[in-house]
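Convert by adding 5 to the 1-based position in the sequence shown; the result is the number in the numbering used here. Using N, Cα and C, we set each Cβ at its ideal position, and we do this for glycine too. Have a look at the structure below, then the notes.
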Amino acid sequence: MTTSPVLDVRGLRKTFTLHLREGLQLPVLQGVSLSVGRGECLALVGPSGQGKSTLMKCLYGSYGAQGGQILVRTADGAVLDLVTATPQQVLALRRQALAYVSQFLRVLPRVSALDVVADRAIAAGEADEQRARDRAAELLARLNLPRGLWGLPPATFSGGEQQRVNIARGFIAPAELLLLDEPTASLDALNRRVVVQLIQEAQARGTAIVGIFHDEEVRDAVASCAYTMGPSPANEPVEHQEAA
Ligand SMILES: Nc1ncnc2c1ncn2[C@@H]1O[C@H](COP(=O)(O)OP(=O)(O)O)[C@@H](O)[C@H]1O
Ligand SMILES: [Mg+2]
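Structure representation (structure tokens):
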């Protein structure tokens, strides 16, 4: 049996058009090609503003692209190109196969931290709500989120607390492709180690991972390969904004 990559990106191009600045064109991704197999962890490296987070959002199907392909192969052997997929196909892929830990938690009003995490497992197919909550509790405990916070909506949590809820949500359901955008940026050393363990466990289960890790210690511990994003000559004539 051949082992095809889980993720195969070919010649991906993405340009932002800044309508508020007379349609200024910002060519952020100019022919990105990379692939990631089962159990591999590819680190996106390069200075701030080079399009790492933009690439992540393309890989999650949140951003469209001007050209190229993002091929995701699921366990049943089906291949979906996220560049041309319908929104329904993208949502189905996210439920079954794709997990994303973004830099910032998008909080829903009135939903408790425990449910923010458990809901992801339920959406991914866990029929038993109690089991989903038990798993959410297990992860929040591993990530040392104080129990007093589990029943509260994360809107008022600190950056590091919100990030741990986001991580628990990203890891609760088995995924074939896991996207991590600076998952340890606001964490202390103890919780960084927990995240490294969670990543290693996912790799051992065969999950393919793409990550942005500013912390070199974390990157060295988990990354099996790297893709460097750098300035390209065509970027030079355009003024760059500072990345968010
Ligand atoms: N939604 C957007 N609209 C316009 N420009 C954007 C948008 N998102 C990012 N950019 C610009 O694209 C470039 C790459 O940003 P980003 O992907 O956040 O870089 P990185 O994650 O590598 O720091 C930056 O110049 C940034 O200002
Ligand atoms: Mg970024």
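8 Å Cβ shell around residue i - same chain, five flanking residues per side excluded
i	result
L98	G66, V77, T79, L85, L87, A90
A102	V77, T79, A80, A180, E181, L182
V116	D124, P158
Residue i, DSSP secondary structure in three states
i	result
A102	coil
Q94	helix
L12	strand
T20	strand
R78	strand
G153	helix
A83	coil
Of the residues the options, the one placed nearest residue i, counting alpha carbons only
i	options	result
L113	H219, L96, Q205, V170	V170
G73	S38, F176, W155	S38
R43	D225, E222, I217, Q208	Q208
A178	V199, A126, C63	A126
Assumed close pair residue i, residue j - CB separation to whole angstroms, cut-off 8 Å
i	j	result
V41	A213	4 Å
T22	Q35	About 15 Å separates the two Cβ atoms, so there is no contact after all.
E166	L150	6 Å
Extent of the continuous beta strand (DSSP E) to which residue i belongs
i	result
A48	46-50
D120	Note, D120: premise wrong, no beta strand (DSSP E); alpha helix (DSSP H) at 118-128.
A213	213-217
V227	Here V227 belongs to no beta strand (DSSP E); instead the alpha helix (DSSP H) covers 221-227.
T161	Looking at the DSSP string, T161 is not in any beta strand (DSSP E), and its letter there is neither H nor E.
Enclosing alpha helix (DSSP H) for residue i [first to last residue]
i	result
G165	164-176
L195	194-209
I58	Checking the sequence shown, residue 58 turns out to be Ser, not Ile. Residues 57-64.
A142	134-147
Close Cβ partners of residue i (< 7 Å) along its chain, the five nearest in sequence each way excluded
i	result
G235	G51, Q55
L154	A118, F162, E166
A132	none
Beta-carbon contacts of residue i that lie in its chain and below 6 Å, excluding the five residues immediately before and after
i	result
D13	S40, L76
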